[in-house]
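Enquirer: Quick one: this structure, given as structure tokens, is what I'll be asking you about.
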Amino acid sequence: MTELILASIMTMMTAATPLMFAATGELICERSGVLNLGLEGMMLIGAVFGFAAAAVTGNATLGLLVAATSGAFAALIFGILTLNLLSNQVATGLALTIFGTGLSALVGVDYVGETIDQIGSIHIPVVSDLPIVGRLLFGHDPLVYLAILILLGSSWFLNRSRWGMILRAVGDSDVSAHAIGYPVIAIRFAAVTFGGLMAGLGGGYLSLVYTPLWAENMTAGRGWIALALVVFASWRPARVLFGAILFGGITILQLNAQAAGLGIPAAFMSMLPYIATIVVLVLISRDAIKIRLNAPACLGRPFRAER
Amino acid sequence: MLRLEPRSTQSLSAAWLSPMLALVLTAVTGGIIFLAMGKDPATALYIYFVEPLTSSSGLSEVAVKAGPLVLIGIGLSFGFRAGIWNIGAEGQYIAGAIAGGGLAVFWYESTSAFLLPAMLLTGILGGMAWAAIPALLKTRFNANEILVSLMLVYVAELLLVHLVQGPWRNPMGWGFPGTRVFPDAATMPLLFTGKRVHLGTVLTLAVPFIAWFLLARTRFGFRIKLFGSAPLAARHAGVQSNRIIWQSLLIGGGLAGLAGVIEAAGTIGQLMPDISPGYGFTAIIVAFLGRLHPVGVLLAGIAIAVTYIGGESAQISAGLPKAVTGLFQGIILFYLLTFDLFTRYKIVLPSRQTVQQ
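Heads up: the sequence lines are chains A and B, in that order.
Using my numbering, the first residue of the first sequence is number 21, and each one after it goes up by one.
Using my numbering, the first residue of the second sequence is number 82, and each one after it goes up by one.
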């Protein structure tokens, strides 16, 4: 029994990790005032290019780097359109998702059914061998730690660092930030690119560590769930950790319940993460004033320098 | 540096030129992609964009594919005009197919002339019911309609899979997922023998004109446009935002549901797991490409349908993966959004500016 619970917690963390990556990136992006709905597309692009790189070179770490880079490139397209060409952020984000779905399917055609060497979990002698605690704290794959580290780092960045405060200023009042002399567009570009890096990494984690294989549309809505997580976290990084683990837990619960055969049709169990997202959104959004206070004031609005 | 200066009114010529330019540049980009894939670009582009229009069976297929795209695209354009982002039309389409198709599954021996009209009606209601969820949660709890409507796509897909594999599965279907084949009374009559184009396609053609009338000639249409372009003015003019949210989501959902049941009763003739090649998502592109204008959406739906058919025949005759179609759709939208800059801004050359100063 302990073994089963332990195994569930371990897999819960792996299910939470891609969401942590993607949601952290989107959170930083949104704090700078840019709403990028292309998360799902960037994750798919990261997943396919990362997998392809790993399959060709046999190096999964390189695959992850490629995944992150390709996500960032996809984000650049979004950045040029929304920041330089002032296109509608919602429409452009949707376009990025549609583009990413198509591009990833095309690139991935040759890689369906291929396998790669997985990145294993880390093993620190002695500590990792401790009963229960050893595996719980020190037995995950390295990316789980990386995701948590980036998350905590983002929290520090936003709340404690000079540039983090400038980024928030840009997101809350682009006009004033510009008037003081901060480069609004450049800062937003950096935030959008970071969002792409993280989404690509999250996608790469799915195809290189979590499954590990490539299948068309394999993100299965995780990009959108990550977007909901940002709202759930009220734009605070530390709360993303909690939300991602919650959703990881629901995913694992659902898989375990299917395996246990409780007589509930599998399709209904698979609906759980999506329905849970809706329920969470409703609970969080109910308080419209709180949402308005927490959300970056310039979220989704294009900025054009007057002079 | 070049400078952007906002136009006082949107440029109409730029608004209509940008979709054309987007299509042309997508074709050029497509040619480059084909070249990179080691295919002859001229042949591949011909297969994609021209060949479907050169035979009567090709035209029939284009009409069959354009039908659902136009229906959903028009429904979505109401919401997009009002700034309500219903992107879960795919789910509403499936809900409509389930609700309407369900009648044919239960009365599979019926010969009643009322069956088909009843299916169309329940299909519309099914799509509306699915869209009512984000409408309710948005108006009542302020929940983001983008995320809610999208999450419901996955729920609808899973529900359909469950039904056609479980309770509604064809008992004589050798275990394949799918319902019984609909009876004749539940099937759209074909227009020509040997072609797949059916009565539903003709019904679809009426919708753009009804939508045009609603948008251009009624107070309802005016409210929708006002709400989207000037929300504050709309509020002062007494337009209730909750009402607009409900109306635009129900129109979008109803038309998507209608498209779903027409597809099930017309083109497919049963319910099965892959009842949609992503019509609900592609229709978003169709709506934008058609400038959210009913007639524009009609033309855009036809144009995108051509690439669908072209993609299918390119897969067979040139061995190109079907996924290229999806890539093209994303690229079209990128180009379109790029050129849209010129409908709202003019580019000012620095020299002229210094003269003015």
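Note that CB positions come from ideal geometry on N, CA and C, so glycine has one too.
Does any residue of chain B bring its CB to less than 7 Å from the CB of TRP244 of chain A?
Expert: Chain B, which has a Cβ nearer than 7 Å to the Cβ of TRP244 of chain A, makes this yes.
Enquirer: Can you name the start and end residues of the beta strand (DSSP E) that TYR426 of chain B belongs to?
Expert: Start and end: 426–429.
Enquirer: So, does the CB of PHE119 of chain A fall closer than 7 Å to a CB anywhere in chain B?
Expert: Interface residue, yes.
Enquirer: For the putative contact between ALA266 of chain B and ALA194 of chain B, defined by C-beta atoms under 8 Å, what is the C-beta separation to the nearest angstrom?
Expert: Correct: roughly 7 Å between the Cβ atoms.
Enquirer: Tell me, please, whether the stretch 368–380 of chain B touches the stretch 311–328 of chain B by the rule of three or more beta-carbon pairs shorter than 8 Å.
Expert: With a cut-off of 8 Å, the stretch 311–328 of chain B and the stretch 368–380 of chain B do not count as touching, because too few Cβ pairs lie within range.
Enquirer: If you measure from the beta carbon of THR37 of chain A to each beta carbon in chain B, is any gap under 7 Å?
Expert: Output row for THR37 of chain A: interface = no.
Enquirer: Mind checking GLU142 of chain B: buried by the 16 CB within 10 Å criterion, or exposed?
Expert: That one is buried.
Enquirer: State buried or exposed for GLU46 of chain A, treating a residue as buried only when at least 16 other CB atoms are found within 10 Å of its CB.
Expert: With 16 or more other Cβ atoms within 10 Å, it is buried.
Enquirer: So with Cβ pairs under 7 Å, would you call ARG256 of chain A a contact of chain B?
Expert: No - not a single Cβ of chain B is within 7 Å of the one on ARG256 of chain A.
Enquirer: Secondary structure at ALA198 of chain A, three-state DSSP: helix, strand or coil?
Expert: Ala is not the amino acid found at residue 198 of chain A; the sequence shown has His there. Note: HIS198 of chain A maps to helix in three-state DSSP.
Enquirer: Taking its Cβ as the centre, do 16 or more other Cβ atoms sit within 10 Å of GLN274 of chain A, making it buried, or is it exposed?
Expert: Counting Cβ neighbours within 10 Å, GLN274 of chain A comes out buried, since at least 16 surround it.
Enquirer: From this set, A:PHE288, A:ALA75, A:ASP192 and A:ILE309, which residue's C-alpha is nearest VAL132 of chain A's C-alpha?
Expert: Comparing Cα-Cα distances from VAL132 of chain A to each of A:PHE288, A:ALA75, A:ASP192 and A:ILE309, the minimum goes to A:ALA75.
Enquirer: Taking LEU261 of chain A as part of the beta strand (DSSP E), name the residues at either end of that continuous run.
Expert: Where LEU261 of chain A is concerned, there is no enclosing beta strand (DSSP E), although the alpha helix (DSSP H) it sits in stretches over 257–280.
Enquirer: Go ahead and label ASP161 of chain A buried or exposed: buried means 16 or more other beta carbons lie within 10 angstroms of its beta carbon, across all protein chains shown.
Expert: Per the 10 Å Cβ criterion, buried.
Enquirer: Could you give the DSSP three-state label for ARG321 of chain A: helix, strand or coil?
Expert: In this structure, ARG321 of chain A counts as coil in the three-state DSSP scheme.
Enquirer: Excluding the five sequence neighbours on either side, which residues of its own chain have a C-beta within less than 8 Å of the C-beta of GLN396 of chain B, listed in chain order?
Expert: Cβ within range, chain order: PRO402 and LYS403.
Enquirer: Looking at the unbroken beta strand (DSSP E) that takes in LEU85 of chain B, where does it start and where does it end?
Expert: Element bounds for LEU85 of chain B: 84–87.
Enquirer: Are there three or more Cβ pairs, one per stretch, closer than 8 Å when the stretch 328–346 of chain B is compared with the stretch 166–176 of chain B?
Expert: Yes, they touch.
Enquirer: Can you pull the DSSP bridge partners for LEU271 of chain B?
Expert: Paired residue(s): B:HIS279.
Enquirer: Using the C-alpha atoms, what's the distance from LEU104 of chain B back to SER94 of chain B?
Expert: So the alpha carbons of these two residues sit roughly 16 Å apart.
Enquirer: Are the stretch 87–104 of chain A and the stretch 220–230 of chain A in contact at 8 Å, needing three or more beta carbon pairs?
Expert: Yes: the two stretches touch, three or more of their Cβ pairs being nearer than 8 Å.
Enquirer: For the stretch 353–368 of chain B, enumerate the residues whose C-beta is nearer than 9 Å to any C-beta of chain A, in chain order.
Expert: Under the 9 Å Cβ criterion, the stretch 353–368 of chain B contributes GLY359, PHE362, THR363, ILE365 and ILE366.
Enquirer: Flag LEU106 of chain B as yes if its beta-carbon sits less than 7 Å from any beta-carbon of chain A, otherwise no.
Expert: No, its Cβ sits nowhere closer than 7 Å to a Cβ of chain A.
Enquirer: Whole angstroms is fine: what's the gap from LEU184 of chain B's alpha carbon to LEU196 of chain B's?
Expert: For LEU184 of chain B and LEU196 of chain B, the distance between alpha carbons rounds to 8 Å.
Enquirer: In three-state terms, what does DSSP make of GLN434 of chain B?
Expert: Bear in mind that the predicted position of GLN434 of chain B carries a pLDDT of just 49, short of 50, making it too unreliable to give a figure here.
Enquirer: How many angstroms separate the CA atom of ALA292 of chain B from the CA atom of GLN328 of chain B?
Expert: Near 13 Å, if we compare the C-alpha coordinates of GLN328 of chain B and ALA292 of chain B.
Enquirer: Going along chain A in order, which residues have a C-beta closer than 7 Å to the C-beta of PRO402 of chain B?
Expert: Neighbours of PRO402 of chain B on chain A, chain order: LEU126 and VAL129.
Enquirer: Is any beta-carbon of chain A found at less than 7 Å from that of GLY407 of chain B?
Expert: So, interface residue.
Enquirer: Is it right to say ILE153 of chain B is buried, meaning 16 or more other beta carbons lie within 10 angstroms of its own, or is it exposed?
Expert: Buried is the call here.
Enquirer: Just to confirm, is the Cβ distance from PHE98 of chain A to GLY66 of chain A under 7 Å?
Expert: Not in contact: PHE98 of chain A and GLY66 of chain A (Cβ atoms no closer than 7 Å).
Enquirer: So PHE252 of chain A and GLY263 of chain A are in contact, right, with Cβ under 8 Å, and what is the actual spacing, rounded?
Expert: Indeed they touch by this definition, with Cβ atoms about 5 Å apart.
Enquirer: Looking only at its chain, what residues have a beta carbon closer than 6 Å to the beta carbon of ILE412 of chain B, apart from the 5 residues adjacent to it on each side?
Expert: So the qualifying residues of the chain are THR107 and THR110.
Enquirer: If you count every other CB in all the chains shown that lies within 10 Å of the CB of MET62 of chain A, and 16 or more means buried, which is it?
Expert: So MET62 of chain A counts as buried.
Enquirer: Would you say TRP97 of chain B lies against chain A (beta-carbon separation less than 7 Å)?
Expert: It does not: the Cβ of TRP97 of chain B has no partner Cβ on chain A nearer than 7 Å.
Enquirer: Can you tell me the Cα-Cα spacing of LEU303 of chain A and LEU55 of chain A, whole angstroms?
Expert: Rounded to the nearest angstrom, the two C-alpha atoms are 21 Å apart.
Enquirer: Mind listing which residues of the stretch 151–170 of chain B have their C-beta closer than 8 Å to chain A's C-betas, in chain order?
Expert: Under the 8 Å Cβ criterion, the stretch 151–170 of chain B contributes TRP166 and ILE168.
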